[in-house]
Amino acid sequence: MTPLPLPHQFFATLPTREDGEKKSLPRPLTRFDARSTFLGKRLPFPTYRRFPPQRPRAARTRPAADRRPGRTEGAAARTEGTPVISRRTFRTGGVLAAATGIGTVLALFSPISPAHSAVACTVNYTVSQWSGGFVADVRINNLGEAVNGWRLTWSFTAGQQVVSGWNATVSQSGSAVTATSMGYNAALPGGASTGFGFQGTSNGTTNPVPGSFALNGTTCTGGGGGGGG
1002 MTPLPLPHQF FATLPTREDG EKKSLPRPLT RFDARSTFLG KRLPFPTYRR FPPQRPRAAR
1062 TRPAADRRPG RTEGAAARTE GTPVISRRTF RTGGVLAAAT GIGTVLALFS PISPAHSAVA
1122 CTVNYTVSQW SGGFVADVRI NNLGEAVNGW RLTWSFTAGQ QVVSGWNATV SQSGSAVTAT
1182 SMGYNAALPG GASTGFGFQG TSNGTTNPVP GSFALNGTTC TGGGGGGGG
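So the sequence shown is residues 1002 to 1230, counted in this note's numbering.
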């Protein structure tokens, strides 16, 4: 009696789908063959024969028709068309442009510092004194350009002290003395002169004339007068 074949020996391949892809169950390694022969004679028992090896499936590819129009594959598409400006680059350029614009505006509206006038001057210093005190008359001659607001500075060398002044605000710090113009005599045109005076104290009869004067920071030439006995 011929033995019945085993069920797993008759697994069939599933039908092919419309997209061309095959889905199949595992194939048996052998199949039943009832007509096996050996040396031209039919054998009285069934034999099994191996199936031919299954062909490898090709890699799945999407048809060209299924691809979306307008889309490109890979980085090669980035080289076509106009170059792309990144947000980082755009923002940096905007910041630089804004900073340049602000700098331009500041340059346009920055106040222009006035040019310093060329100063040339002489000073006449005349003293009338007594024991322990004196009165000084100071005359400023402007030999340079016009000055609007003046400040005359000098230093005492023998311990003199300023007590009061007129036609100028006279102050003293240590041996350094500063005389600043008043509102009514601040303007000093070129070639003009102005004067002020002050009262001070001295050590006995010693009251030497200051060695130099400076008008608005520029050293003047000349000096006159002296102490009286």
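Note that CB positions come from ideal geometry on N, CA and C, so glycine has one too.
Selection from the options that minimises the alpha carbon distance to residue i
i	options	result
W1167	Q1161, T1181 and N1208	T1181
N1142	P1211, Q1200, G1218 and G1192	G1192
G1219	G1145, D1138 and V1139	It is Thr, not Gly, that sits at residue 1219 in the sequence shown. Among G1145, D1138 and V1139, the Cα nearest to that of T1219 belongs to G1145.
N1217	Y1185, S1165 and A1147	A1147
Cβ pair residue i, residue j closer than 8 Å
i	j	result
W1155	F1214	yes
T1127	C1221	no
T1179	R1152	yes
A1188	N1149	yes
Cβ of residue i within 8 Å of any chain B Cβ
i	result
V1163	In the structure shown, chain B cannot be found, because there is only a single protein chain.
Other residues of its chain near residue i: CB distance less than 7 Å, five sequence neighbours each side excluded
i	result
N1208	V1128, Q1130, F1135, A1159, Q1161 and G1228
A1169	A1180, T1181, S1182, M1183 and F1197
Same chain, Cβ closer than 6 Å to residue i, neighbours up to 5 away in sequence not counted
i	result
Q1173	V1163
F1232	Because residue 1232 is not part of the residues shown, which for the chain are 1002 to 1230, the question remains open.
F1199	A1137, V1163, G1166 and V1171
S1203	F1135 and Q1161
P1190	A1147
N1186	T1195
P1211	W1155
Expected contact under 8 Å - CB spacing of residue i and residue j to nearest Å
i	j	result
G1133	G1205	7 Å
8 Å Cβ shell around residue i - same chain, five flanking residues per side excluded
i	result
L1097	Since pLDDT at L1097 reaches only 49, below the 50 mark, its modelled position is unreliable, and no value is offered.
Requested in this report: Enumerate, from N- to C-terminal direction, the unbroken beta strand (DSSP E) stretches of 3 or more residues contained entirely within the stretch 1127–1194.
Outcome: 1134–1143, 1152–1156, 1162–1167, 1170–1174 and 1177–1181
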